[in-house]
Structures are given as C-alpha cells and as structure tokens.
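Undergrad:
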Amino acid sequence: MADYRRVARELARYKVDIAALSETRFSEQGQLEEVGASYTFFWSGRPKAERRDAGVAFAIRNDIVGRLPCLPQGINDRLMSLRLPFRGDNFATIISCYAPPMTSSDCGEGRIYEDLHALLATVPKADKLIVLVDFNARVGTDHAAWQGVLGPHGLGSCHANGLLLLRTCAEHRLLLSNTFFRLPTREKATWMHPRSRRWHLLDYVLVRRRDRQDVLVTKAIRDADGWTDHRLVISQMRLRLQPRRRPQGHVDAPSVAALASAGLCSRPEARSTGRAGNQGDPRCRWLDRSPPRHLPDEAPTATPTKAPSNQITEKLEDLHAPDDNDTVETRWCQLRNVIQSTALDVLGRAHRRHQDWFDDNDADISNLLAEKNRLHKAYMDLRTDATKAALFRCHRLV
Numbered sequence: 004m005a006d007y008r009r010v011a012r013e014l015a016r017y018k019v020d021i022a023a024l025s026e027t028r029f030s031e032q033g034q035l036e037e038v039g040a041s042y043t044f045f046w047s048g049r050p051k052a053e054r055r056d057a058g059v060a061f062a063i064r065n066d067i068v069g070r071l072p073c074l075p076q077g078i079n080d081r082l083m084s085l086r087l088p089f090r091g092d093n094f095a096t097i098i099s100c101y102a103p104p105m106t107s108s109d110c111g112e113g114r115i116y117e118d119l120h121a122l123l124a125t126v127p128k129a130d131k132l133i134v135l136v137d138f139n140a141r142v143g144t145d146h147a148a149w150q151g152v153l154g155p156h157g158l159g160s161c162h163a164n165g166l167l168l169l170r171t172c173a174e175h176r177l178l179l180s181n182t183f184f185r186l187p188t189r190e191k192a193t194w195m196h197p198r199s200r201r202w203h204l205l206d207y208v209l210v211r212r213r214d215r216q217d218v219l220v221t222k223a224i225r226d227a228d229g230w231t232d233h234r235l236v237i238s239q240m241r242l243r244l245q246p247r248r249r250p251q252g253h254v255d256a257p258s259v260a261a262l263a264s265a266g267l268c269s270r271p272e273a274r275s276t277g278r279a280g281n282q283g284d285p286r287c288r289w290l291d292r293s294p295p296r297h298l299p300d301e302a303p304t305a306t307p308t309k310a311p312s313n314q315i316t317e318k319l320e321d322l323h324a325p326d327d328n329d330t331v332e333t334r335w336c337q338l339r340n341v342i343q344s345t346a347l348d349v350l351g352r353a354h355r356r357h358q359d360w361f362d363d364n365d366a367d368i369s370n371l372l373a374e375k376n377r378l379h380k381a382y383m384d385l386r387t388d389a390t391k392a393a394l395f396r397c398h399r400l401v
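First residue of the sequence shown? That's 4 in the working numbering, and the numbers climb one at a time after it.
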C-alpha cells in the first residue's frame, strides 16, 4: 500500500466515487482508510506464502462506505463484488475482475471465466449490474457479428481473450459500454504495446443491455497518472444512491432497569445484545469507563468522579414521569440528552494525539503532485527524451 495515498488523491482529482483496481499484489483480504482524500481501500489477494502476481481491490469514497449494507466481498485474487443500495429499494452489484494476459505463465484463464460465470449467476435479476474489468482482451470492431454486445466504435482487432469476453457478455446479456461512444482514439485506448507503440483497448465497463441508457459516457483519461501502464477508465452513470439512514443506538444491558423506572422502556426484562464482535477489531477504539485510579501513596486532588452508569441512572430517575401522550421521539430525545451530557461530563472530548505526517506536509505533497501532473501531461502531448527525463526525475520525488 505504499502508493495508496497518491492513488486516492488522483481519484479525488477526477471525482471518482468507486474505483476498481487490479494487479494490486496485496496478500489475503483487508481494508484501509485514507483520511486525506477520503477513500477506503478494500482488497483481495492470495495468502502471504504464495506468489502474488494478481490481486483486485475497490477504492470507495468514505461517505459511500457508510451507506453500504455490507462490505465488499473478495472471492479470490481476481474477483471482488459489492452491493450498492439505490432509491426505491433497488440495488446495483459491482464486480471488479482481472484476467491474466495471453503471455502470462498463469494457466488460470479458463478458471477465471468459470469463476466469473458462477458469480454472475448469483446476481439477482432485478439488480443493476456493473462489471469493471481488466481482461487484457482485444474485442475488435465486428459490430455486426456481436449485435447488442459490441458497439460500433470498437478499436483494433480481436484475439482469443477477446472472444472469451464477447461470449461471456452474450451469455449474460451484457454490453461493452466503451464501444458505444464515438470518441477519439486517445479517449478509447487504455494501453500501449511497448514494442509496436500501438494503442489498444483492454479495460472495459460492462452493464446489462437494459441499463444502457444509464451510462452517460465511458472513456479513458489520458492525463491521469495511476503509476501503471494502463490508463484510467471512467464511466459516468445516471444512478442515485439511497439516502443515509439515521443510525440506531445500542444500550448497555445494566441500563435497561433504569430506563424502565424512568418510563423510557416498556420491557425491563429485555436485554441488549451489544456488539461483542467488535471487541477484537483493531479498528475499534475502546474507552476505559472505570473511575480514576490513584497510587496508594498519592492522595487525589479532587473529588472522585462517579461512575458513568451511576450518573446516568441518577439522571434518569430525576426525569419526570412520562406523559401517556408523549411520543417515542420525545422519549428518545430525553434519553439521548441524558447520555450525551453525562458522557461529555465524565469523558470529555477526545483530542487527537498523533499528527499524521502527511497532514503536516500536505501543502508540499500537493505542490509536488501538481508539478508531476503537469510534466505527465507535457510528456503525453510531446513524447521526447527531454519531457521523459523531466517526468522520471519528478517520479523519484513523488
């Protein structure tokens, strides 16, 4: 994850909501949040003991991560999926897929297509389906032979990997959205052959045929620098996420009796399940709620603070008896105010203790990235030894 911060900044520059990354070469499965550019990375790879020559990942904006009903699921080191909620109880399934090139020593080309077939078969028919693929496949321009799959604006010729991709799309009624927009070659091609210096289309965005009208445009971004030989492919779609729902609070079991005595809980025998599953999660920060401790030979300088649970109980008992006409919202507001005020009195506000190095140097990093982007654009516009050398010198710094 050495370059994840720079990748996140590049995605933020182009206002990308969800990105599929391939050839990440990370081990096993995990996630990591980049606070500066507000992205969270989820990846799936092989075990540490095995050779890692593939790997897939999602980079998702943090505000979207909070709306996901479940986190992205890693199938293997070449497939990941996630499910997005939309307005009207609709969903979209997004799949990140990577297939090896024809020259790869990995003999898993057939297996990756079998796994993809199995995954596509599990997607509900009512879901919108978006497949973001780095298939290393050339599909050609034979629009007449692949009606409804290949658009009239393809690029180059077709080879074996391309035929596998076209057959997969035909079987699952998918289309290659890249080929349905009339664009210049610089906005269609995604990879340049190192020897022939010819540009090819290898990365695709697949959608269901019935959802073709949702895709506004799919194109390659020439000026984006993702520290890879593939260009960034962006697809703009007409989709609206489900609004964020109000989070539900969890009450500790010892407080239930106090809630009942205050008239805020009609079932004192009810027990809260809590979130025991998070106790071993390193991402969760647990606060010590015990009263302040002092050494045996040290006298406290102030009156010891009461335990938070005792203070909450006392404040709940001091509340007036609820009126039968009070709504659930009114009772909830009373409980919320008591808990919030007690927590603020006892625990205080949390202060950040460790300043992030990237935050301290954010201005310098932004200037270096801006200079690198300028040199990259100059090199793409005019490929000379001078522009190439200038870009490589900047790469040593960024």
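All C-beta atoms in this analysis are idealised placements derived from N, C-alpha and C, irrespective of residue type, glycine included.
Does the structure place the region 10 to 18 close enough to the region 72 to 90 that three or more beta carbon pairs sit under 8 Å?
TA: Flag = no, the region 72 to 90 and the region 10 to 18 do not touch.
Undergrad: According to the Cβ coordinates, are R8 and G39 closer than 8 Å?
TA: Reading the sequence shown from its first residue, position 5 is the one you call residue 8. Reading the sequence shown from its first residue, position 36 is the one you call residue 39. A contact, by the Cβ cut-off of 8 Å.
Undergrad: Grab me the residues of R215's own chain with a C-beta within less than 8 Å of its C-beta, minus the 5 sequence neighbours each way, in chain order.
TA: Translated into the one-based positions of the sequence shown, residue 215 becomes position 212. Taken in chain order, the residues that qualify are L178, S180 and F183.
Undergrad: Taking the straight line between their C-alpha atoms, what separation do you get for F61 and A227?
TA: As a working mapping, residue 61 is identified with position 58 in the sequence shown. As a working mapping, residue 227 is identified with position 224 in the sequence shown. C-alpha separation (whole angstroms): 18 Å.
Undergrad: Counting only runs of 4+ residues fully inside the region 85 to 136, write out the alpha helix (DSSP H) ranges in chain order.
TA: Runs found: 112 to 125.
Undergrad: To the nearest angstrom, how far is the alpha carbon of E26 from that of Q343?
TA: Start at 1 with the first residue of the sequence shown, and residue 26 comes out as number 23. Start at 1 with the first residue of the sequence shown, and residue 343 comes out as number 340. Distance between the alpha carbons of E26 and Q343 is about 46 Å.
Undergrad: To the nearest angstrom, report how far apart A173 and I98 are at their CA atoms.
TA: What you label residue 173 is simply residue 170 of the sequence shown in a count that begins at 1. What you label residue 98 is simply residue 95 of the sequence shown in a count that begins at 1. When rounded, the distance between both Cα atoms is 17 Å.
Undergrad: Can you name the start and end residues of the beta strand (DSSP E) that T43 belongs to?
TA: Reading the sequence shown from its first residue, position 40 is the one you call residue 43. Note, T43: beta strand (DSSP E), Y42 to S47.
Undergrad: With C-beta atoms as the reference, is T96 less than 8 Å away from V68?
TA: As a working note, residue 96 is residue 93 in the sequence shown. As a working note, residue 68 is residue 65 in the sequence shown. Cβ atoms of T96 and V68: not closer than 8 Å.
Undergrad: If we call anything under 8 Å between Cβ atoms a contact, is L158 one with T144?
TA: Position 155 of the sequence shown, counted from the first residue, corresponds to residue 158. Position 141 of the sequence shown, counted from the first residue, corresponds to residue 144. Yes, the Cβ-Cβ distance between L158 and T144 is below 8 Å.
Undergrad: What is the rounded straight-line gap between the Cα of D365 and the Cα of R352?
TA: Along the sequence shown, read from residue 1 onward, the residue named residue 365 stands at position 362. Along the sequence shown, read from residue 1 onward, the residue named residue 352 stands at position 349. Between D365 and R352, the C-alpha separation is close to 26 Å.
Undergrad: Could you name the residues of the same chain whose beta carbon sits closer than 6 Å to that of R189, not counting the 5 residues immediately before and after it, in chain order?
TA: Here residue 189 refers to the residue found at position 186 when the sequence shown is read from its first residue. The answer, listed in chain order, is R225.
Undergrad: Going by CA-CA distance only, name the one from H398, R64 and I78 that's closest to E117.
TA: Numbered from 1 along the sequence shown, position 114 holds the residue referred to as residue 117. Nearest C-alpha to E117: I78.
Undergrad: Can you tell me whether R81 is buried or exposed, with buried defined as 16 or more other CB within 10 angstroms of its CB?
TA: The residue labelled residue 81 in the question sits at position 78 within the sequence shown. The residue in question, R81, is buried, as its Cβ has 16 or more Cβ neighbours within 10 Å.
Undergrad: Nearest by alpha-carbon distance to T316: which of T330, L338 and V331 is it?
TA: Start at 1 with the first residue of the sequence shown, and residue 316 comes out as number 313. With distances taken between Cα atoms, T316 lies closest to L338.
Undergrad: Using a Cβ-Cβ cut-off of 6 Å (strictly less than) and excluding sequence neighbours within five positions of P285, which residues of its own chain qualify?
TA: Along the sequence shown, one-based indexing puts residue 285 at 282. A caution first: P285 carries a pLDDT of 42, below 50, which makes its placement in the model unreliable, though a value can still be read off. Answer for P285: no residue qualifies.
Undergrad: If you draw a straight line from the alpha carbon of V349 to that of C100, how long is it in whole angstroms?
TA: Along the sequence shown, one-based indexing puts residue 349 at 346. Along the sequence shown, one-based indexing puts residue 100 at 97. About 50 Å.
Undergrad: For G165, which residues from the same chain have a beta carbon less than 7 Å from its beta carbon, with the 5 sequence-adjacent residues on both sides left out?
TA: Walking along the sequence shown from the start, residue 165 turns up at place 162. So the list reads A140, R141, V142 and G143, once near-sequence residues are dropped.
Undergrad: Determine the burial state of T304: buried for a count of at least 16 other Cβ atoms within 10 Å of its Cβ, exposed for fewer.
TA: Here residue 304 refers to the residue found at position 301 of the sequence shown. The pLDDT assigned to T304 is 49, lower than 50, so where the model puts this residue is not dependable; a value taken from the coordinates is nonetheless given after this. Classification of T304: exposed, given that the 10 Å Cβ count is below 16.
Undergrad: What are the start and end residues of the alpha helix (DSSP H) that includes A346?
TA: Reading the sequence shown from its first residue, position 343 is the one you call residue 346. V331 to L350 is the span of the alpha helix (DSSP H), which, as asked, contains A346.
Undergrad: So, at 8 Å on beta carbons, what are the nonlocal neighbours of R55 in its own chain, with the 5 sequence-adjacent residues on each side left out?
TA: In the sequence shown, the residue the question calls residue 55 occupies position 52. Contacts found: R28, F29, S30, G48, R49 and D80.
Undergrad: Cutting at 8 Å between CB atoms, please list the residues of its own chain near F2, excluding the five before and the five after it.
TA: Any property of residue 2 remains undetermined from this structure, which presents the chain solely from 4 to 401.
Undergrad: Using a Cβ-Cβ cutoff of less than 6 Å, which residues in the same chain neighbour Q76 once the five nearest sequence positions on both sides are dropped?
TA: The residue you call residue 76 lines up with position 73 of the sequence shown. S84, listed in sequence order.
Undergrad: At which residues does the alpha helix (DSSP H) containing R12 begin and terminate?
TA: Indexing the sequence shown from 1 puts residue 12 at position 9. It spans Y7 to R16 - the alpha helix (DSSP H) in which R12 sits, taken as one unbroken run.
Undergrad: Buried or exposed: where does D388 fall if 16 or more other Cβ atoms within 10 Å of its Cβ makes it buried?
TA: As a first step, residue 388 is located in the sequence shown; it is residue number 385 there, counting from the start. So D388 counts as exposed.
Undergrad: Given this structure, state the Cα-to-Cα distance separating A57 from I115, to the nearest angstrom.
TA: In the sequence shown, residue 57 corresponds to position 54, counting from 1. In the sequence shown, residue 115 corresponds to position 112, counting from 1. Spanning the two alpha carbons is a distance of roughly 12 Å.
Undergrad: List the endpoints of the continuous alpha helix (DSSP H) containing E374.
TA: In the sequence shown, residue 374 corresponds to position 371, counting from 1. Note, E374: alpha helix (DSSP H), D365 to D384.
Undergrad: In this structure, how does DSSP classify Q314 when only helix, strand and coil are distinguished?
TA: Here residue 314 is taken as the residue at index 311 of the sequence shown, counted from 1. Reduced to three states, the DSSP call for Q314 is helix.
Undergrad: Can K191 and A163 be called in contact, C-beta distance under 8 Å?
TA: Counting from 1 along the sequence shown, the entry for residue 191 is found at position 188. Counting from 1 along the sequence shown, the entry for residue 163 is found at position 160. Cβ atoms of K191 and A163: not closer than 8 Å.
Undergrad: If I measure Cβ to Cβ from R64 and keep anything under 7 Å in the same chain, skipping five residues before and after, which residues do I get?
TA: Here the question's residue 64 lines up with position 61 in the sequence shown. D20, S41 and Y42.
Undergrad: Assuming V208 and L135 are in contact, meaning their beta carbons sit under 8 Å apart, how far apart are those beta carbons, in whole angstroms?
TA: Position 205 of the sequence shown, counted from the first residue, corresponds to residue 208. Position 132 of the sequence shown, counted from the first residue, corresponds to residue 135. Between L135 and V208 the Cβ distance is about 6 Å, and since that is below 8 Å, they are a contact.
Undergrad: Taking just the CA atoms, how far does R212 sit from L169?
TA: Looking up residue 169 in the sequence shown gives position 166. Looking up residue 212 in the sequence shown gives position 209. The alpha-carbon atoms of L169 and R212 are separated by roughly 13 Å.
Undergrad: Find out if the Cβ-Cβ distance for the pair H203, T171 is shorter than 8 Å.
TA: For the purposes of this step, residue 203 is taken as residue 200 along the sequence shown, with counting starting at 1. For the purposes of this step, residue 171 is taken as residue 168 along the sequence shown, with counting starting at 1. Their beta carbons are not under 8 Å apart, which means H203 does not touch T171 by this criterion.
Undergrad: Under the three-state reduction of DSSP, which class applies to R189: helix, strand or coil?
TA: In the sequence shown, counting from the first residue as 1, residue 189 sits at position 186. DSSP places R189 in helix when its eight states are reduced to three.
Undergrad: Where do the ends of the beta strand (DSSP E) carrying C161 lie?
TA: The residue labelled residue 161 in the question sits at position 158 within the sequence shown. From DSSP, the beta strand (DSSP E) with C161 extends over L158 to C161.
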